[in-house]
Amino acid sequence: MQQIKFEFLTYIKEFGGRAGDWRVGLAADAPAALFGAQKVDPEADVWLWKPALSAAAARTVFRYMTEQFHVPPAEGATDGACVFLFRRGGGA
């Protein structure tokens, strides 16, 4: 869990933007959620996903990112053992 939090925060720092520019979500199938449901462009958008050890661990990361770091949740993506993060548009 801590490793996922660290990687997500590092990604936000590396690619920039305010926390509100990003979205975080949960999914059983992160690539399907990112590129299907969320319509993330794999070439133009900035994205990352990580599997957690369990859905409960993924929810802990999700809560940290939304409640402590104020990253808005991705629409309709609140269940699963994978955590994903994305921002529309290219790098900083």
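Going by the numbering used here, the first residue of the sequence shown is number 320, and it counts up by one from there. Glycine residues also receive a C-beta, built at the ideal position from the N, C-alpha and C atoms.
How long is the line joining the alpha carbons of residue i and residue j, rounded to whole angstroms?
{"i": "Ala-400", "j": "Ile-331", "result": "21 Å"}
{"i": "Phe-354", "j": "Ala-396", "result": "13 Å"}
{"i": "Ala-352", "j": "Pro-370", "result": "13 Å"}
{"i": "Ala-411", "j": "Leu-372", "result": "In this predicted model, Ala-411 has a pLDDT of only 46, less than 50, meaning its place in the structure is not dependable enough to derive any value."}
{"i": "Asp-360", "j": "Gly-339", "result": "19 Å"}
On the DSSP bridge assignment, give the partners of residue i in chain order.
{"i": "Gly-344", "result": "Phe-403"}
{"i": "Pro-370", "result": "Cys-401"}
Would you kindly check if the distance between the Cβ of residue j and the Cβ of residue i is under 9 Å?
{"i": "Trp-368", "j": "Ala-346", "result": "yes"}
{"i": "Phe-405", "j": "Arg-337", "result": "no"}
Need the endpoints of the alpha helix (DSSP H) that residue i sits in, please.
{"i": "Leu-328", "result": "321 to 334"}
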